[in-house]
């Protein structure tokens, strides 16, 4: 039985106003839920140094027919330990105030990160019975960290995340090791829904590797992305006699760039068409993250016909099938990464198979398919 749903989305921002994989996911999820005919009301925030966003800058005219929004200014100027959590709690309280004041009624509440924190704490007191589903994208605070400092920072988040997960009616997961983590720490019903990519990203032809194999890293400058380990692997590779070139896309400061004539740093690229051009010039995407959710860059790389070498963290294994469209690494160790790079350099035929298989596999992960699946899952939650 199908009916039009009225869904409230509590988000931690949407692209392009807040950068990040979670924000991109929110923007696409709302876009495609609305295109499929569901009514979506989006609460989102923008940072205080930016102008108040307009929904016309985010969503297509087709989707806007079913989207309404409210935007809130987010401020976190403190540097006292715990400032991030305090700012997140404050924003969740603003969202709850809006819910209590509105005369709208919703069938389901989908909350990103900590944005349902206040709601989950106080909904019994306020008599709010709408089912709430929570999504913490990568569950990074429960994954291995690069050093003691990061482990300590993530430890501070664990208890709050657990509280939110256990108070929610449903928890959304990308699958893979994200689901394994959730099953280990809470008994809240889990809904597995992968992320997706827009169909217009998918390369229409076939991609063949050139004479010089082109590797690509795409990501922000963050210790969790494993750049030091990747750089050490490249240093080992330089000692060999292979033909290769490495491209890096992302805001990596010049003092942290690997110095080599075989490496090109393109900087951050926000224009989608320019980014596609860089992907199209490469053969293998390398993702050496220490922890992850379900990386958008892997979806992008596969959609442009790249093989993928990636650490088996988060939901990466949902996308990367070992030796089918790339290699899954058990850990982001320089020697492990180096051996994977060498294996790809020694078999161009295998690389071309990876590239072809990526294009075939990615067709199951377009938002045209993900959104209807998400709609069915939410509908099942409502009619229970």
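Numbering (the working numbering), first residue to last: 24 to 407.
All residues carry an ideal CB built from backbone N, CA and C; glycine is no exception.
If you ignore the 5 residues before and after residue 89, its C-beta comes within less than 7 Å of the C-beta of 57, 60, 61, 62 and 63, all in its own chain and listed in chain order.
A direct Cα-Cα distance of roughly 16 Å separates residue 67 from residue 125. Excluding sequence positions up to five before and after residue 141, its CB lies within less than 6 Å of the CB of 115, 116 and 119, all in the same chain and listed in chain order. DSSP places residue 329 in the coil class of the three-state scheme, outside both helix and strand.
For residue 82, the three-state secondary structure derived from DSSP is coil. Counting C-beta atoms within 10 angstroms of its own C-beta, residue 74 has fewer than 16 neighbours from the protein chains shown and is therefore classed as exposed. If you draw a straight line from the Cα of residue 194 to the Cα of residue 105, it comes to about 25 Å. Excluding the 5 residues flanking it on each side, residue 234 has same chain C-beta neighbours closer than 8 Å at 266, in chain order. By the criterion of at least three beta-carbon pairs nearer than 8 Å, the stretch 281–290 is not in contact with the stretch 351–363.
Taking 8 Å as the cut-off, the Cβ atoms of residue 123 and residue 162 do not count as close.
Short of 6 Å from the beta carbon of residue 255, and not among the five residues preceding or following it, lie these beta carbons of its own chain, in chain order: 357. Ranking 386, 397, 333 and 404 by CA distance to the CA of residue 52 puts 397 first.
Taking a contact to require three or more Cβ pairs closer than 8 Å, the stretch 78–89 and the stretch 233–252 do not qualify as touching. In the DSSP assignment, no residue is bridged to residue 40.
Using a 10 angstroms sphere on the CB of residue 293, the tally of other CB atoms stays under 16, which defines it as exposed.
In this structure the stretch 235–243 does not touch the stretch 205–215; the number of beta carbon pairs closer than 8 Å is below three. Pairwise C-beta distances place the stretch 93–112 in contact with the stretch 132–140, as three or more of them are shorter than 8 Å. Note: residue 389 is bridge-paired with 220 in the DSSP secondary-structure output. Membership of residue 29 in any alpha helix (DSSP H) is not indicated; the residue belongs instead to the beta strand (DSSP E) covering 29–33. When the beta-carbon positions are compared, residue 160 and residue 316 come within less than 8 Å of each other. Contact between residue 390 and residue 220 holds, with the beta-carbon distance rounding to 7 Å and staying under 8 Å.
Buried is the label assigned to residue 270, since at least 16 other Cβ atoms lie within 10 Å of its Cβ. Buried is the label assigned to residue 281, since at least 16 other Cβ atoms lie within 10 Å of its Cβ. Under DSSP, residue 238 takes part in a beta bridge, and its partners are 269 and 307.
Residue 309 is not a Cβ neighbour of residue 275, given a cutoff of 8 Å. Residue 28 and residue 401 have their alpha carbons spaced roughly 9 Å apart.
Remark: C-beta atoms of residue 36 and residue 69 approach each other more closely than 8 Å. Runs of alpha helix (DSSP H) with 4 or more residues, each lying fully within the stretch 104–165, are found at 106–124 and 140–149, listed in chain order. Here residue 341 is not near residue 156, since their CB atoms are 8 Å or more apart.
A direct Cα-to-Cα measurement between residue 239 and residue 158 gives close to 29 Å. Here DSSP, grouped into helix, strand and coil, assigns residue 352 to strand. Nearest in C-alpha terms to residue 366, of all of 379, 260, 314 and 303, is 260.
In the three-state scheme derived from DSSP, where H, G and I count as helix and E and B as strand, residue 184 is classed as helix. Non-local beta-carbon contacts of residue 187 in its own chain, meaning distances under 7 Å to residues more than five positions away in sequence, involve 137, 139, 140, 143 and 157 in chain order.
The beta carbon of residue 334 sits closer than 8 Å to those of 249, 310, 311, 312, 313, 315, 351, 352, 353, 354 and 355, all from its chain and outside the five residues before and after it, given in chain order.
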